[in-house]
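Below is one structure, written out as structure tokens; the observations come after it.
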Amino acid sequence: ILSQKFKNLILINAFLPMAFSYAKVYGQTFRREWVLEKYDQIKAETNHITNRWKTMGLVAKSATDSQAQMELTSNYCLKKMCLSCKIGHEILSKKWK
Numbered sequence: 008i009l010s011q012k013f014k015n016l017i018l019i020n021a022f023l024p025m026a027f028s029y030a031k032v033y034g035q036t037f038r039r040e041w042v043l044e045k046y047d048q049i050k051a052e053t054n055h056i057t058n059r060w061k062t063m064g065l066v067a068k069s070a071t072d073s074q075a076q077m078e079l080t081s082n083y084c085l086k087k088m089c090l091s092c093k094i095g096h097e098i099l100s101k102k103w104k
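According to our numbering, the sequence shown is numbered sequentially starting from 8.
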């Protein structure tokens, strides 16, 4: 028996991205919107990345939020491109005030 958390991970990381790509290729706007709505309805992932964001006061409320946090982490934080990221820039600006 699969837990709900595991089912959500499959949806978030496999099914929904494939459904979105399919809809994009075939110009199905309604299906893309459906996928984005599903991300909002699924509970946020909990992992080391979302936990670090949480310690900074940015709690992920849905899978949309947790996916955004992971995307920002891989494209900005890990590449040390803080000043190119609006959130990183804001955090660093507050630190120096």
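In this text, a Cβ means the ideal position worked out from N, Cα and C, and glycines have one as well.
Taking residue 89 as the centre and dropping the five residues before and after it, the same chain places the C-beta of 83, 95, 96, 98 and 99 closer than 8 Å to its C-beta, in chain order.
When the Cα atoms are used, residue 25 and residue 74 turn out to be separated by approximately 15 Å. Around the beta-carbon of residue 76, 16 or more other beta-carbon atoms lie within 10 Å, marking it buried. Just so you know, the alpha carbons of residue 63 and residue 56 end up roughly 11 Å apart. In its chain, beyond the 5 residues on either side, 56 have a beta carbon closer than 7 Å to the beta carbon of residue 80. The residues 26 and 30, in chain order, have a CB closer than 7 Å to that of residue 38 in the same chain once the five nearest residues on each side in sequence are set aside.
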